[in-house]
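>
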Amino acid sequence: MARSSNQKLKLLYLAQYLLRSSDEDHPVTVAQMIDYLARQDVAAERKSLYDDMESLRLFGLDVQSVRVGSATGYYIGERDFQLPELKLLVDAVQSSKFITERKSLELIRKLESLASEQGARELNRHVYVRGRIKTMNESIYYNVDELQAAIDGNKAVTFRYFEWDREKRRVWRHDGRRYAVSPWALMWDDENYYLLAYDHDGEQMKHYRVDKMGSISMTEEPRRGRETFEKLDMAAYTNTHFGMFSGDVQPVRLSFENALAGPVIDQFGADVSLVPLDEGHFSVTVNVAVNVQLFGWLSGFGTRARILAPASAAQAMGEHLRTVAALYD
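Adding 32 to a residue's 1-based position in the sequence shown gives its number in the working numbering.
#1: DSSP on T251, reduced to helix/strand/coil?
#2: Going straight from the alpha carbon of G208 to that of Y193, what length do you get?
#3: Inspect the beta-carbon positions of Y225 and F300 and report whether they are closer than 7 Å.
#4: In three-state DSSP terms, what is T132?
#5: CA-CA distance, T260 and V318?
#6: Hey, does K200 have any beta-carbon neighbour from chain D nearer than 7 Å?
#7: If you drop the 5 nearest sequence neighbours on each side, which residues of the same chain put their C-beta closer than 8 Å to that of L218?
#8: Would you tell me roughly how many angstroms separate the C-alpha atoms of M266 and M237, rounded to the nearest one?
#9: Are A147 and L115 close, meaning C-beta to C-beta below 7 Å?
#10: For L118 versus L143, is the C-beta spacing smaller than 7 Å?
#11: Roughly how many whole angstroms lie between the Cα atoms of T355 and I297?
#12: Could you tell me the distance, in whole angstroms, from the CA atom of R205 to the CA atom of R255?
#13: Do you know whose CA, among L41, L264, S214, lies nearest V188's CA?
#14: Output the distance between the C-alpha atoms of A358 and A341, rounded to the nearest integer angstrom.
#15: From the DSSP output, in three-state form, read off G294 for me.
#16: Please determine, among G334, V95, H158, the residue with the shortest C-alpha to C-alpha distance to L43.
#17: Between which residues of its own chain and T61 is the CB-CB distance below 8 Å, once the five residues before and five after are set aside?
#18: Identify which residue in H352, L309, A343 has its Cα closest to the Cα of L330.
#19: Name the DSSP beta bridge partners of A321, please?
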């Protein structure tokens, strides 16, 4: 590119340099900016850079100045994302099971580009992706895109659904027959991504793991189940389906030791009513899906938690425990 053409990019180069090379702890001087611009084949005079800093401020960049010895240093103050916010996003990406290891690293590199070079190095010291449990389905990004397009376009979709066998091979459910559903929402729960959809055959809302969906195809058929979806409380739906396992949702009364108030509030939310039973216990009544995930959660508390009602749920819990115990007789 000719020198005169590069000159027109001066402000862009300066903005890029400040965003990538400066922060509050690492201001850059006018001399450093002149040197950087020279490497881009852009001529700059000291006086013109003062005007450029003001132009960048007027444009919206938070250009701050500070004394650096006998010189003046400049840095970007407020950014779209501050370093603690980027750390939160990096933690979310690297801990998400539904994002493959390769995609996790790609996303984290992009997040690091939103910080200064020094901030990016600090973020990188907190990246622990390798060795984490991750999905093996690389197509999840395309699945999300296809499903979101169907939601936006008010169209039904068909797809195939699979499980993994012990040889790590896909085994298609329903002998590979396609599911026909109306997609209504995408949800992130328990480190997995789910599609909430209206099942055309069962005429009810169901959820599906997005990373276990294959051959998704948007149809020309309008979505069904709008009335059912609009009556649904999304927060309550995820809270009542432990680990997003299916089951009959019904009111269940549970008993816990007082010391377990924290885990109960974590699971059911701060609005759950904790009713004293005696000096050492309280009860809660919640709408939950009665399934093995609920039993497993309660089993984790040992004798400190139990199902009080209905009797059918308590009986099912007992049968589950006896079945498990029989494996160790």
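Using N, Cα and C, we set each Cβ at its ideal position, and we do this for glycine too.
Just so you know, these numbers come straight off a predicted model, no measurement behind them.
Let's see:
#1: In this structure, T251 counts as strand in the three-state DSSP scheme.
#2: Approximately 7 Å, taken between the alpha carbons.
#3: Going by C-beta atoms, Y225 is not nearer than 7 Å to F300.
#4: In this structure, T132 counts as coil in the three-state DSSP scheme.
#5: Straight-line Cα distance between these residues: approximately 21 Å.
#6: Looking for chain D here will not work: only one protein chain is present.
#7: Closer than 8 Å at Cβ, skipping near neighbours: V176, L179, Q180, I183, Y225, Y226, L227, L228, V242.
#8: Those two C-alpha atoms are separated by around 11 Å.
#9: Between A147 and L115, the gap from beta carbon to beta carbon is short of 7 Å.
#10: Contact: yes.
#11: So the alpha carbons of these two residues sit roughly 29 Å apart.
#12: Cα-Cα distance, rounded: 23 Å.
#13: The amino acid at residue 188 is misidentified as Val; the sequence shows Ala. Ranking the options by Cα distance to A188, first place goes to S214.
#14: When rounded, the distance between both Cα atoms is 25 Å.
#15: Looking at G294 - three-state DSSP - the assignment turns out to be helix.
#16: A check of alpha carbon separations from L43 across G334, V95, H158 identifies V95 as the nearest.
#17: Cβ within range, chain order: V100, A103, T104, G105, Y106.
#18: It is H352.
#19: DSSP output for A321 lists V281 as bridge partner(s).
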